[in-house]
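Shown next, in structure tokens, is the structure this report addresses.
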Amino acid sequence: MQSNDRSVGVSLLLQDLRAGTAQLHVALEKRLPFFSPALDHAHYQRLVQAYYGFYQPLEQRLRDSGQTPDDFDLAVRLKTPTLRSDLLALGLSDRAVDQLPLCDTLPAILSAPACLGVLYVLEGATLGGQILRREIAARLNLDAANGGAFLDIYGAATGRRWRDFTDYLATRPFDASSRQAVVDAAQQTFACFERWLDRTEVLL
Ligand code: HEM
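If you read the sequence shown in numbering that gives the first Met the number 0, its first letter stands for residue 0, the second for the next number, and so on.
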């Protein structure tokens, strides 16, 4: 039994998010090439370019949406600047980064629940990043200094920042239909990301 309304809210929203996205996560994880023997520097670079092409317009949309709750600090969680600096470290020029193709099929962000659903996916991805970071360091000799910073974006603070995020979700007084809007946006984010990665031909 949960002890109070707040923890019931956390538990329900997280349970809904996990139940609603677990299959999408497994499906995408299987197709990402991080553990593929075929992954080399060139493929890794194309992968980071594809990530940039998704995160840049999606984070721009989050910023422009006007739906980020006033008490949520979005700026400290934006990951596009790190993806850009990884691409520069991998040898792209600023001009080349600016000319990369950008995804134009993105989740709609028309409400605070939708905004938080998108953020759930982008924040959750930092957890897997901790595993991928080790793999990329071992296989390609890449770390935060030479093109692998995105995978370790929160470093030692990864666990704490994830807990801060889920604690924040817990403070949202969402009813069932708002929770569904969070889950819908999270599902759309996974789906749009996979379609984009497919289109840019970086998946297995
Ligand atoms: C090969 C690639 C990936 C691996 C190996 C991986 C692995 C993981 C692992 C180990 C966790 C933590 C589970 C836990 O602590 O309970 C996690 C959580 C998560 N990952 Fe991934 N991941 C990958 C890619 C992604 C991508 C591309 C996204 C989204 C863009 C993503 C979104 C999430 C989310 C939202 C969670 C949080 C689930 C929750 O606890 O509520 N992951 N992932």
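The C-beta atom is built at its ideal place from N, Cα and C for all residues, glycine as well.
Treat the numbers as computed from the prediction; the structure is a model and nothing was measured.
I want to check one thing, is the minimum distance from the CB of His-24 to the heavy atoms of the ligand HEM below 7 Å?
yes
| query | Does the beta-carbon distance from Gly-116 to Asp-163 come in below 8 Å? | reply | Pairing Gly-116 with Asp-163 gives a Cβ-Cβ distance that is not under 8 Å.
* Return yes when the Cβ of Tyr-119 is within less than 8 Å of the Cβ of Leu-23, no when it is not. => no
Using only the alpha-carbon positions, how far apart do Tyr-43 and Tyr-50 sit? Rounded to whole angstroms, the gap between the alpha carbons of Tyr-43 and Tyr-50 is 10 Å.
*Apart from the five residues on each side of it in sequence, which residues of its chain come closer than 7 Å, Cβ to Cβ, to Leu-131?*
Excluding sequence neighbours, Leu-131 sits near Phe-33 and Leu-150.
**Same chain, Cβ closer than 7 Å to Ser-2, five either side skipped, listed in chain order** = Model confidence at Ser-2 stands at a pLDDT of 36, short of 50, so the residue's coordinates are unreliable; what they give is reported in the following sentence. Contacts found: none.
Item to complete: Say whether the stretch 178 to 197 touches the stretch 102 to 114, bearing in mind that this needs 3 or more beta-carbon pairs closer than 8 Å, one atom from each stretch.
Response: yes
Relative to the ligand HEM, is the shortest distance from any of its heavy atoms to the C-beta of Glu-58 smaller than 7 Å? no
- Asp-85 and Gly-127 closer than 8 Å at C-beta: no
Exercise for the section: Could you tell me if Lys-78 is buried or exposed, where buried requires 16 or more neighbouring beta carbons within 10 angstroms of its beta carbon? Expected result: Classification of Lys-78: buried, given that the 10 Å Cβ count is 16 or more.
Consider the C-beta atom of Thr-20 and the heavy atoms of the ligand HEM; say whether any pair is separated by less than 7 Å. yes
- Message: So, for Leu-89: in the same chain, excluding its five sequence neighbours on each side, which residues have a beta-carbon less than 7 Å away from its beta-carbon?
- Response: Gln-44, Val-47 and Gly-146
| message | My output table needs one value for Asn-3: the three-state DSSP class, helix, strand or coil. | response | No answer about Asn-3 holds up, because its pLDDT of 39 lies below 50 and its placement is not dependable.
Close beta carbons around Leu-196, own chain, < 6 Å, minus the five adjacent residues each side:
Ala-49 and Leu-202
Keeping to the same chain, check which residues put their C-beta closer than 7 Å to that of Leu-101; ignore five residues upstream and five downstream.
Within its own chain, the residues whose Cβ lies closer than 7 Å to the Cβ of Leu-101, once the five positions on either side in sequence are excluded, are Gly-52, Gln-55 and Pro-56, listed in chain order.
- Message: Closer than 7 Å to a non-hydrogen atom of the ligand HEM - does that hold for the CB of Gly-154?
- Response: no
By how many angstroms is the C-alpha of Asn-140 removed from the C-alpha of Cys-205? Residue coverage of the chain in this structure runs from 0 to 203, which leaves residue 205 outside it and unanswerable.
Please say whether Tyr-153 and Thr-125 have beta carbons closer to each other than 8 Å?
yes
- prompt: Just reading off the alpha helix (DSSP H) that Val-96 is part of, what are its end residues?
  reply: 93 to 97
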